[in-house]
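Trainee: The working numbering numbers the first residue of the sequence shown as 44 and each following residue consecutively.
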Amino acid sequence: MMQSRKNIEDFWTHVEHTIDQLLTSRSENQFDADALLSGYRETLQKIDRNLTFHFEKDAEDGAIEMIFGCDGYPESIHSVLSLVGAAPSLAGIQFKAFNHRYDPIPSHINVADEICELNDYWYSLRTIDNKLHLAVYMHDVPKVLEMDPRTEAVMIFLDALIGEYELMTRIWSLDWIELPVDPVDYGLSPLSELRDCFDGMKHGVEPIGIKIH
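Printed below as a string of structure tokens:
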């Protein structure tokens, strides 16, 4: 625990000393300080090997956001919250935990030069033994999910629809199933409608791995 706290302090000290250099390297929507970004990643790995980060620009006020996550691993949620909870207040950038819901929800996403349309995906959401089970339906389900850019696109869509934190703490299982010829006949719904359905069901299940003592 003490070592983890020290690693967190070291990370934020590094950020404080280099944030101006990072911000001035910005070119449109990306940063060109590759060595600096690699240094951030290496320092984060010492805290928790699942920690990730990326940058976004707030559409309303134009502020730069540095968003931390844990690549979908619930066991690392605490690391993200501890890290962001210790973040300093720095001009020109905001630090946030997890990908939040997006409004408006994107209709398409470009992953590895492949355009993935939200309307191409359907879903079913069921409660079994007080646990939420989500199934995503798509054409030509890949044998190796991690190798298909559509898988990454769907995960981004899910973050946008229900938020990364609730995806990790409310969804017990996520299955990938071949899309039938007529999804409506199978009781499926377009993925774009997931948010309302999820919000209507989430309070009826216990959060995964969250215990208050």
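Cβ coordinates follow ideal geometry from the N, Cα and C atoms, glycine included.
Asn153: buried (16+ other C-beta within 10 angstroms of its C-beta) or exposed?
Mentor: Counting from 1 along the sequence shown, the entry for residue 153 is found at position 110. By the 10 Å Cβ count, Asn153 comes out exposed.
Trainee: Please state whether the Cβ-Cβ distance between Cys240 and Ala196 is less than 8 Å.
Mentor: For the purposes of this step, residue 240 is identified with residue 197 of the sequence shown, where counting begins at 1. For the purposes of this step, residue 196 is identified with residue 153 of the sequence shown, where counting begins at 1. For Cys240 and Ala196, no; Cβs fall outside 8 Å.
Trainee: Please report how far the alpha carbon of Thr212 lies from the alpha carbon of Ala76, in whole angstroms.
Mentor: In the sequence shown, the residue the question calls residue 212 occupies position 169. In the sequence shown, the residue the question calls residue 76 occupies position 33. Between Thr212 and Ala76, the C-alpha separation is close to 34 Å.
Trainee: Identify every run of the beta strand (DSSP E) within the region 109 to 172, keeping only runs that are complete inside it and at least 3 residues long; order them along the chain.
Mentor: 136 to 140, 151 to 154, 157 to 160 and 165 to 171
Trainee: I'd like the list of long-range same chain contacts for Leu79, defined as Cβ closer than 8 Å, with 5 residues on each side in sequence excluded.
Mentor: In the sequence shown, counting from the first residue as 1, residue 79 sits at position 36. These residues qualify, in order along the chain: Thr61, Gln64, Leu65 and Ser68.
Trainee: What separation, rounded to the nearest whole angstrom, lies between the Cα atoms of Leu188 and Met244?
Mentor: Along the sequence shown, read from residue 1 onward, the residue named residue 188 stands at position 145. Along the sequence shown, read from residue 1 onward, the residue named residue 244 stands at position 201. One C-alpha to the other measures close to 27 Å.
Trainee: Would you mind giving the Cβ-Cβ distance between Arg238 and Ile205, rounded to the nearest angstrom? I have them listed as a contact below 8 Å.
Mentor: For the purposes of this step, residue 238 is identified with residue 195 of the sequence shown, where counting begins at 1. For the purposes of this step, residue 205 is identified with residue 162 of the sequence shown, where counting begins at 1. That pair is a contact at about 6 Å.
Trainee: Quick check on Ala78: does DSSP put it in helix, strand or coil?
Mentor: The residue given as residue 78 occupies position 35 in the sequence shown. Ala78: helix per DSSP, three-state reduction.
Trainee: Would you kindly report the start and end of the unbroken alpha helix (DSSP H) that includes Ala203?
Mentor: In the sequence shown, counting from the first residue as 1, residue 203 sits at position 160. Unbroken alpha helix (DSSP H) run through Ala203: Pro192 to Ile205.
Trainee: Please report the distance separating the alpha-carbon of Glu221 from that of Tyr180.
Mentor: Residue 221 sits at position 178 when you count from the first residue of the sequence shown. Residue 180 sits at position 137 when you count from the first residue of the sequence shown. One C-alpha to the other measures close to 5 Å.
Trainee: So what does Tyr180 bridge to, in DSSP terms?
Mentor: In the sequence shown, counting from the first residue as 1, residue 180 sits at position 137. Looking at the DSSP assignment, Tyr180 forms a beta bridge with Trp165 and Ile220.
Trainee: For the alpha helix (DSSP H) that Leu237 lies in, which residues bound it at each end?
Mentor: One-based indexing of the sequence shown puts residue 237 at position 194. Run containing Leu237: Leu237 to Met244, per the alpha helix (DSSP H) assignment.
Trainee: Just to confirm the assignment, what range does the beta strand (DSSP E) spanning Lys100 have?
Mentor: Counting from one through the sequence shown, the residue named residue 100 turns up at place 57. Here the beta strand (DSSP E) through Lys100 covers Thr95 to Lys100.
Trainee: Kindly identify the DSSP beta-bridge partner or partners of Ser232.
Mentor: As a working mapping, residue 232 is identified with position 189 in the sequence shown. DSSP output for Ser232 lists Tyr166 as bridge partner(s).
Trainee: In its own chain, which residues sit with a C-beta less than 7 Å from the C-beta of Pro233, not counting the 5 before and 5 after it?
Mentor: Position 190 of the sequence shown, counted from the start, is the residue given in the question as residue 233. Asn162 and Trp165, listed in sequence order.
Trainee: Below 8 Å on the Cβ atoms is my guess for Ile51 versus Ala129; work out the distance and round it to an integer in Å.
Mentor: Along the sequence shown, one-based indexing puts residue 51 at 8. Along the sequence shown, one-based indexing puts residue 129 at 86. So it is a contact: roughly 5 Å between Cβ atoms.
Trainee: With burial defined as no fewer than 16 other Cβ atoms inside 10 Å of the residue's Cβ, what is the status of Glu207: buried or exposed?
Mentor: Position 164 of the sequence shown holds residue 207. Buried: at least 16 other Cβ atoms inside 10 Å.
Trainee: When DSSP labels each residue in this structure, what does Arg69 get in the three-state scheme?
Mentor: By one-based count along the sequence shown, residue 69 stands at place 26. It is a strand residue.
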